[in-house]
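This report concerns only the one structure given below.
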Amino acid sequence: MIEARDIEFAYRGRRVLNGATLALAPGELVCLLGANGAGKSTLLKILLGLLKPLAGKVNLGGTALGDIDRRSLARQLAYVPQVHTAPFPYTVREVVLMGRLPATGLLRAAGLDDHREVDQALDHLAIGHLAERPYTEVSGGERQMALIARALAQDARLLVMDEPLAGLDYGHQVRLLARLESLAEEGYGVLMTTHDPDQPLSGCQRVAMLIDGRIAADGTPADVLTSAAIYQLYGVQVDLLRAANGCGIAFRPSNRSSTCSP
Numbered sequence: 046m047i048e049a050r051d052i053e054f055a056y057r058g059r060r061v062l063n064g065a066t067l068a069l070a071p072g073e074l075v076c077l078l079g080a081n082g083a084g085k086s087t088l089l090k091i092l093l094g095l096l097k098p099l100a101g102k103v104n105l106g107g108t109a110l111g112d113i114d115r116r117s118l119a120r121q122l123a124y125v126p127q128v129h130t131a132p133f134p135y136t137v138r139e140v141v142l143m144g145r146l147p148a149t150g151l152l153r154a155a156g157l158d159d160h161r162e163v164d165q166a167l168d169h170l171a172i173g174h175l176a177e178r179p180y181t182e183v184s185g186g187e188r189q190m191a192l193i194a195r196a197l198a199q200d201a202r203l204l205v206m207d208e209p210l211a212g213l214d215y216g217h218q219v220r221l222l223a224r225l226e227s228l229a230e231e232g233y234g235v236l237m238t239t240h241d242p243d244q245p246l247s248g249c250q251r252v253a254m255l256i257d258g259r260i261a262a263d264g265t266p267a268d269v270l271t272s273a274a275i276y277q278l279y280g281v282q283v284d285l286l287r288a289a290n291g292c293g294i295a296f297r298p299s300n301r302s303s304t305c306s307p
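The following block contains the structure:
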């Protein structure tokens with residue numbers, strides 16, 4: 046498990062995190078929800094050891110993050126950035142093979158075992174058919190799958206994802222969320238950030254709300270995502286909609302009529 050406790054951080058004197066505490070364990074799919082500029086990406090960078098907090102501590106498996114060398118850290122914790130375009134037309138296979146660098150190092154060429162791990166990661170996410178396609182020519186959803194496959198090729202069991210659904214159409218969002226649910230069921234720990242309160246309703250076991258530099262709430266979507274919480278996050282009044290069978294929740298702006306019945 047990785048845990049950040051009582052984290053404080055500031056940019057040029059502007060306080061961004063003010064005692065934030067968050068943990069991720071294998072088998073969990075956790076959504077970190079907050080408005081734009083709330084400090085979600087900053088907290089991720091601290092969890093990854095890319096930024097040093099002003100106060101607080103981060104432990105991975107009971108060991109202080111600063112006491113773990115970078116290669117060992119990469120074998121336990123993987124980062125999946127937002128969809129991006131590579132500067133060179135690498136194939137999807139070559140992008141995923143980069144995930145083997147913590148195991149091979151920069152000076153050793155990838156061997157048969159490394160290529161086997163890449164094939165397994167591609168098959169795991171059902172994108173083996175994209176292996177020889179240029180990464181720059183596949184869709185945004187497929188690029189995101191390739192980045193997740195790269196993380197799996199690292200052999201890391203904890204995955205940290207920054208806005209993985211950003212820019213994807215609804216179909217790709219649904220398919221990607223289903224893959225993330227499956228990974229959690231297989232024992233991976235997945236932490237994803239979002240500013241969209243409707244996204245964590247689809248499969249996340251926990252939602253952590255980042256407000257004013259602190260985790261204001263951390264629990265199941267049904268418990269955490271309330272009309273009052275959405276107002277606190279975004280300053281808008283919404284009605285909470287729930288299906289007649291009690292499954293699934295969504296939000297609708299208050300005082301807006303609708304012909305649809307939940």
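So the sequence shown is numbered by this note's numbering: it starts at 46 and just counts up by one. Note that beta-carbon positions come from the ideal geometry of N, C-alpha and C, so glycine has one too. The structure presented is a predicted model; accordingly, all values stated were derived computationally and were not measured.
Where residue 162 is concerned, the enclosing alpha helix (DSSP H) starts and stops at 157 to 169.
Counting only residues of its own chain and dropping the five nearest sequence neighbours on each side, residue 195 has a CB closer than 7 Å to the CB of 140, 141, 143 and 144.
In this structure, residue 204 sits near residue 233, with a CB-CB distance shorter than 8 Å. Sequence-distant Cβ neighbours of residue 208 in its own chain, meaning closer than 7 Å and more than five residues away, are 127, 238 and 239. The region 257 to 274 makes contact with the region 62 to 77; the number of CB pairs closer than 8 Å reaches 3 or more. Here residue 125 is buried: its Cβ has 16 or more other Cβ atoms, across all protein chains shown, within 10 Å. Take residue 87, set aside five residues on each side of it, and the residues of its chain with a beta-carbon closer than 7 Å to its own are 54, 61, 62 and 96, in chain order. Inclusion of residue 101 and residue 50 in the CB contact set at 8 Å is warranted, their separation being smaller than that value.
Per the coordinates, the alpha-carbon of residue 192 lies some 27 Å from the alpha-carbon of residue 98. Per DSSP, the continuous alpha helix (DSSP H) segment holding residue 216 begins and ends at 215 to 230. For the alpha helix (DSSP H) assignment, the uninterrupted runs of no fewer than 4 residues enclosed by the region 91 to 152 are, from N- to C-terminal side, 115 to 119, 137 to 142 and 146 to 149. A Cβ-Cβ distance of about 11 Å is found for the pair residue 254 and residue 273, leaving them out of contact under the 8 Å criterion.
Residue 284 sits in a strand when the DSSP states are folded into three classes. Inclusion of residue 172 and residue 137 in the CB contact set at 8 Å is warranted, their separation being smaller than that value. Excluding its 5 nearest sequence neighbours in each direction, residue 242 has C-beta neighbours in its own chain below 7 Å: 78, 270, 275 and 296, listed in chain order. Judged by their CB atoms, residue 189 and residue 120 are not nearer to each other than the 8 Å cut-off.
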